[in-house]
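Trainee: Numbering that gives the first Met the number 0 applies: residue 0 is where the sequence shown begins, and numbers increase by one. Glycine included, every Cβ here is placed at the ideal spot set by N, Cα and C.
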Amino acid sequence: MRMVAEVRPDYDTEWAAMKAVVSKLGIGTTETLREWVRQDQIDAGTRPGTTSEESANLKRLKKENAEPRRANEILKAAASFFAAELDRPHTRSQPSSTSTKTASAVSSRSAVC
0 MRMVAEVRPD YDTEWAAMKA VVSKLGIGTT ETLREWVRQD QIDAGTRPGT TSEESANLKR
60 LKKENAEPRR ANEILKAAAS FFAAELDRPH TRSQPSSTST KTASAVSSRS AVC
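1. Going straight from the alpha carbon of residue 65 to that of residue 47, what length do you get?
2. For residue 11 and residue 67, I'd like the C-alpha separation in whole angstroms.
3. Could you tell me the alpha carbon to alpha carbon distance between residue 60 and residue 53, rounded to whole angstroms?
4. At the level of alpha carbons, what is the spacing between residue 139 and residue 25?
5. Kindly indicate which three-state DSSP category residue 11 falls into: helix, strand or coil?
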């Protein structure tokens, strides 16, 4: 970015200066360098926009916010599952009257033998 500022007076346009720097340094594309220069201007406060520091903080906050959101979704799903379980009619594990009669019939036959 400093090189662009230093060679800028030697060229008619900033783009021409950037093309010269890109060819001298053999880096990416002129567009890449242009983005770096613009971001440097934003960080320096000479151009409006989101600074690198603000962008990094925003990214960090989004990441921090994503974890509680995921946990909240899991808890909502679990609550929904258990609420459905409570609404569903359940049979108790007590023996039914049919199985009680069968068991008593078998035991009475055993006694006779």
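Mentor: Judging by the given coordinates:
1. 28 Å
2. 53 Å
3. 10 Å
4. Within the shown structure, residues of the chain are numbered from 0 to 112, placing residue 139 beyond reach of any answer.
5. coil
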